[in-house]
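The numbering of the sequence shown is our numbering, which starts it at 1 and goes up by one.
What follows is a set of notes on a single structure, which appears directly below.
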Amino acid sequence: MERRCQEVIDRCWALAGNDIDASNASKDGNPIVSIHDVGAGGLSNAMPELVNDHEMGAHLNLRKIPSLEAGMSPMAIWSNEAQERYVLAIRPESKDQFDAICARERCPYAILGAATDIRQLIVDDELLAEQPVDMPMQVLLGGTPKMQRSFERTDSTLPALELGDVNLAESITDVLRHPTVASKSFLISIGDRSITGMVVRDQYVGRYQVPVSDCAVTASGLVALDGQPMTGEAMSVGERTPVALINPKASARLAVGEAITNIAGARIAQLSDITMSANWMAACGDDAEDAALFDAVHAIGEELCPALGIAIPVGKDSLSMRANWTDEEGADKSVVSPMSLVVTAFAPVVDVAKTLTPELINGDSAFYRIDLSKGKLRLGGSILAQTLSQLGNDCPDLAQPSDLIDFFNFVQAGNAQGVISAYHDIGDGGLLATIAEMQFTSRQGIKLSLDDDNLLGQLFSEELGAVIQVLPENVAALMQLAEEFNVSDMLSLVGQSSEEDNLLIQTPLYMGDDTLRFSRTKLQQAWTQVSYQIARLRDNPACVQQEYDLIADTNHKGLIAAPNFDLNQKIETPYLNSREDKPRVAILREQGVNGQTEMAAGFTQAGFEAVDVHMSDLLEGRINLRDFDGLVACGGFSYGDVLGAGSGWANSILFHDELRMQFVRFFARPNTFSLGVCNGCQMMAQLKDLIPGAENFPRFIANESARFEARTVNVKVERTKSILFKGMQDSILPIAVAHGEGLATLNATEIDGMAKHGQLAMRYVDSQGHPTETYPLNPNGSVGGVTGLCSTDGRVTIMMPHPERNLKAYNHSWKPEQWDEDGAWMRMFRNARAWLR
Numbered sequence: 001m002e003r004r005c006q007e008v009i010d011r012c013w014a015l016a017g018n019d020i021d022a023s024n025a026s027k028d029g030n031p032i033v034s035i036h037d038v039g040a041g042g043l044s045n046a047m048p049e050l051v052n053d054h055e056m057g058a059h060l061n062l063r064k065i066p067s068l069e070a071g072m073s074p075m076a077i078w079s080n081e082a083q084e085r086y087v088l089a090i091r092p093e094s095k096d097q098f099d100a101i102c103a104r105e106r107c108p109y110a111i112l113g114a115a116t117d118i119r120q121l122i123v124d125d126e127l128l129a130e131q132p133v134d135m136p137m138q139v140l141l142g143g144t145p146k147m148q149r150s151f152e153r154t155d156s157t158l159p160a161l162e163l164g165d166v167n168l169a170e171s172i173t174d175v176l177r178h179p180t181v182a183s184k185s186f187l188i189s190i191g192d193r194s195i196t197g198m199v200v201r202d203q204y205v206g207r208y209q210v211p212v213s214d215c216a217v218t219a220s221g222l223v224a225l226d227g228q229p230m231t232g233e234a235m236s237v238g239e240r241t242p243v244a245l246i247n248p249k250a251s252a253r254l255a256v257g258e259a260i261t262n263i264a265g266a267r268i269a270q271l272s273d274i275t276m277s278a279n280w281m282a283a284c285g286d287d288a289e290d291a292a293l294f295d296a297v298h299a300i301g302e303e304l305c306p307a308l309g310i311a312i313p314v315g316k317d318s319l320s321m322r323a324n325w326t327d328e329e330g331a332d333k334s335v336v337s338p339m340s341l342v343v344t345a346f347a348p349v350v351d352v353a354k355t356l357t358p359e360l361i362n363g364d365s366a367f368y369r370i371d372l373s374k375g376k377l378r379l380g381g382s383i384l385a386q387t388l389s390q391l392g393n394d395c396p397d398l399a400q401p402s403d404l405i406d407f408f409n410f411v412q413a414g415n416a417q418g419v420i421s422a423y424h425d426i427g428d429g430g431l432l433a434t435i436a437e438m439q440f441t442s443r444q445g446i447k448l449s450l451d452d453d454n455l456l457g458q459l460f461s462e463e464l465g466a467v468i469q470v471l472p473e474n475v476a477a478l479m480q481l482a483e484e485f486n487v488s489d490m491l492s493l494v495g496q497s498s499e500e501d502n503l504l505i506q507t508p509l510y511m512g513d514d515t516l517r518f519s520r521t522k523l524q525q526a527w528t529q530v531s532y533q534i535a536r537l538r539d540n541p542a543c544v545q546q547e548y549d550l551i552a553d554t555n556h557k558g559l560i561a562a563p564n565f566d567l568n569q570k571i572e573t574p575y576l577n578s579r580e581d582k583p584r585v586a587i588l589r590e591q592g593v594n595g596q597t598e599m600a601a602g603f604t605q606a607g608f609e610a611v612d613v614h615m616s617d618l619l620e621g622r623i624n625l626r627d628f629d630g631l632v633a634c635g636g637f638s639y640g641d642v643l644g645a646g647s648g649w650a651n652s653i654l655f656h657d658e659l660r661m662q663f664v665r666f667f668a669r670p671n672t673f674s675l676g677v678c679n680g681c682q683m684m685a686q687l688k689d690l691i692p693g694a695e696n697f698p699r700f701i702a703n704e705s706a707r708f709e710a711r712t713v714n715v716k717v718e719r720t721k722s723i724l725f726k727g728m729q730d731s732i733l734p735i736a737v738a739h740g741e742g743l744a745t746l747n748a749t750e751i752d753g754m755a756k757h758g759q760l761a762m763r764y765v766d767s768q769g770h771p772t773e774t775y776p777l778n779p780n781g782s783v784g785g786v787t788g789l790c791s792t793d794g795r796v797t798i799m800m801p802h803p804e805r806n807l808k809a810y811n812h813s814w815k816p817e818q819w820d821e822d823g824a825w826m827r828m829f830r831n832a833r834a835w836l837r
């Protein structure tokens, strides 16, 4: 339902062309004048806010609100918070236009009433013949009086950390497997992170796909202006809640600072381009918590953010974070959540291709720490303290806003000049966790050189800062930048790369001692332990074990890229003017499909006229497939996959005589091609009886892992008849996958038979290029790694991976350094255009 709502909204604003000012909406443009999502308070909040923005009132009919529960009271209908709803204001003359858009997208809607010049909110209930709401807008949304809170400050003394008996080796393991620090892969891999074809940086980093990204980055479009870098947007999060138990002001400053150190890896023009959202949580009514909230808000709202030139225009608060009850013996009990601030930072990006990540470049290099505390390295509130069941009384803080400004400008300059090879902020777990996570991305050995004095602080302090990798030839330039941006007193050399797959910590006391030599495998297994154990309980434990075993597998080299063709060769160029009109390709979708835009972009760039075709267009005769040269069924969740992935979509064709014959005639035309991707693959496989030479297409069933899988994996293009893979045979390439039902129901004998007829198009392979059934290199468990097939004549191709999401080099979660413009999968779309001639 959310997908259908979004498609209606997208269709409406697209009608405005370059003019997206809703105030100019007209019958020939965007019909939406104003829009509001339905969230807290339901319609009782959304509808008044919608009309209040235009200084108007409203007269509404309660019984026009769509509801399948006849027994709901007027209050329940008006105030329930059912999701996937929006309230829109449209002009009366745009009603027919809006109705047609909703009908095409199969999106239900209702007209509840009209806005009025009289600023009164009236809600009629024609069933009960009453008006449950009749009140002035000023009363409902007028200026509410400011609330004054009074509290008494109390002094509290916290004990200092006791670190005399700390076992360093045990603490390193304990910190890495602490849930705050440890891998969150079990949460990340089940969410689609490549949809839109505009994702530049997701959580997974490097050829080994380790979830350690500092920030998210998306492109601002699917195609950049000629000669211009692709711009985009970045987002990051910062929080240091445990520190609030020691110093609420410091906790708030660190949250803002961490959001900035996280987002600094993206190429941002200036610090003031960053805008923030603040999410406050506190147990108001408690003197200590009221004081903590006041101090924290003042620290960043009145002091830090103005000094940084950063605005916090939006936010959210939950200020009742307490639970009170009386136990069986009559004693009053209370649980109070400490003050918490979560900061989300957003910023425009001037060049998405210049996003720094924690992925290390293998070879000789140095590692520098940028420490905004300038050596204080306090441990209060740290993960180390928590593993010791302590808190401490001396916590990290940001002393001078100017230090954070200098830090940000230094990192941006180092990025722009190519001086910094890898970047990772220092957060939970301190330097130790930061270095270990960087090591996991490339399995590069690292030798840390530290002082004996305050070794625990050097390793585990969570003071604001970052670690950067610098190649030998760039060290002089780095030092010059450090001097220029006043960070020389923050910058220190902390380590060097090594050839061994381990982490060695050396100090004058431990020089040449193997006591502090830690296997990368052991460290990563500890870091992965939480995710591993949770996934074992939730998913197929055999699959989870296979993924865990890859950590220690020395034969596993991660993602590879070995194309057998020139990525930037435009093989379609000789044919672009061979016909009067561009060839037309139908970008087919059904309700729930969400991958049509990036698919259309690929074909458009290859010289096609890509036409958005909804199944309702075919059913109602507005569009006919006879007018197209190509047909592409896109990915998503048609009918929510409730009948099995692709089944509802396929059956809407198979059991509709006219539509069935339209597809039969299209597939029979020898000058057409077809492609089914993901949900489109699942659907098209079920149309096999309509497709010449596709009678042996399999069904696709639930993944062996029993989970939706969103990954970047390697595939090999087989020696196939598919017209889309001409010249790509034997190439091994990374590609995005995102599906829950991708296991092809084929056995080895059937696969061999299809291979002999050139129908086997694509397989999942390991880092040696061998077909694999090992999870997650093969995310669904298909026998022989089969994931792409074609008809016997090569005109119809189906595949579970998403080539349309990897059109550009920057779209890849990992890519070779030399890829700088088009991604390898653009060749597929060019092949289609060249085949039509």
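Beta carbons are placed, not taken as given, at the ideal position from N, Cα and C, and that holds for glycine.
On a predicted model such as this, the values are computed, not experimentally measured, just so you know.
Exercise. DSSP state of C790, grouped into three classes?
Worked result: strand
Exercise. Can you tell me whether DSSP reads F708 as helix, strand or coil?
Worked result: coil
Exercise. So is P248 buried or exposed if we call it buried at 16+ other beta carbons inside 10 Å?
Worked result: buried
For this session: Figure out for me which residue from I65, R119 and I653 has the closest Cα to the Cα of Q138.
Result: R119
Problem set entry | Where the beta strand (DSSP E) through W325 begins and ends | R322 to T326
For this session: Give the single residue among V349, R322 and S194 whose Cα lies nearest to the Cα of S340.
Result: R322
Exercise. Around the Cβ of S23, are there at least 16 other Cβ atoms within 10 angstroms (buried) or fewer (exposed)?
Worked result: Confidence in S23 is poor, its pLDDT being 44 and thus under 50, which makes the residue's placement unreliable; the coordinate value appears in the next sentence. With fewer than 16 Cβ atoms within 10 Å of its Cβ, S23 is classed as exposed.
Problem set entry | Exposed unless 16 or more other CB atoms sit within 10 angstroms - verdict on G414 | buried
Problem set entry | Where E547 sits in the DSSP three-state scheme | helix
Exercise. Does the Cβ-Cβ distance between Q469 and I361 come in under 8 Å?
Worked result: yes
Problem set entry | Closer than 7 Å: T441 CB and nearest the ligand GDP heavy atom | Summarising the ligand content, the structure contains no ligands, and the ligand GDP is consequently not present.
Exercise. Anyone know if the C-beta pair for I312 and M281 falls short of 8 Å?
Worked result: no
For this session: Provide the residue(s) that pair with G315 in DSSP beta bridges, ordered along the chain.
Result: A278
Exercise. What's the gap between the Cα of F725 and the Cα of Q390?
Worked result: 60 Å
For this session: Take every Cβ of the region 784 to 798, pair it with every Cβ of the region 701 to 721, and state whether three or more of those distances are shorter than 8 Å.
Result: yes
Exercise. Cβ atoms of L271 and G315: under 8 Å apart, would you say?
Worked result: no
For this session: Using only alpha-carbon positions, find the residue among W649, C543, Q662 and N696 that is nearest to E709.
Result: C543
Exercise. For the region 214 to 289, which segments carrying the alpha helix (DSSP H) assignment without a break, of at least 4 residues, lie completely within its bounds, in sequence order?
Worked result: 248 to 263
Exercise. Quick one: Cα of A234 to Cα of D96, how far?
Worked result: 39 Å
Exercise. Alpha carbon to alpha carbon, what distance is there between D689 and V786?
Worked result: 21 Å
Exercise. Taking all protein chains shown into account, do 16 or more other C-beta atoms lie within 10 angstroms of the C-beta of P48, making it buried, or fewer, making it exposed?
Worked result: buried
Problem set entry | Three-state secondary structure assigned by DSSP to H556 | coil
Problem set entry | CB of H59 within 8 Å of CB of I111, strictly | no
For this session: Excluding the 5 residues preceding and the 5 following M198 in the sequence, name in chain order all residues of the same chain whose CB lies nearer than 8 Å to its CB.
Result: T218, A219, S220, G221, L222, G232, E598 and N811
Problem set entry | N- and C-terminal bounds of the alpha helix (DSSP H) containing D657 | D657 to A668
Problem set entry | CA-to-CA distance, D53 to R63, given in whole angstroms | 24 Å
Problem set entry | Pick from K354, A702 and L777 that is closest to G740, judged by C-alpha positions | A702
For this session: Please check the pair F913 and M800, which I expect to be a contact at CB under 8 Å, by giving their CB distance rounded to whole angstroms.
Result: In the structure as shown, the chain starts at 1 and stops at 837, and residue 913 therefore has no counterpart that could be examined.
Exercise. By how many angstroms is the C-alpha of C12 removed from the C-alpha of A25?
Worked result: With a pLDDT of only 45 at A25, under the threshold of 50, the placement of this residue in the model should not be trusted, and no figure is reported.
For this session: Could you please give the first and the last residue of the uninterrupted beta strand (DSSP E) stretch that includes S498?
Result: L491 to S498
Exercise. Taking Cβ to Cβ, would you say P211 is nearer than 8 Å to P132?
Worked result: no
Exercise. How many Å lie between E2 and E84 at the Cα?
Worked result: 5 Å
Exercise. Which residue from L432, H424, L618 and E750 puts its Cα closest to that of G206?
Worked result: H424
Problem set entry | Backbone secondary structure at D174 - three-state DSSP | helix
Exercise. Based on Cα-Cα distance, which residue from D514, L550 and L836 lies nearest to P574?
Worked result: L836
For this session: Could you please give me the residues that DSSP links to E130 through a beta bridge?
Result: D125
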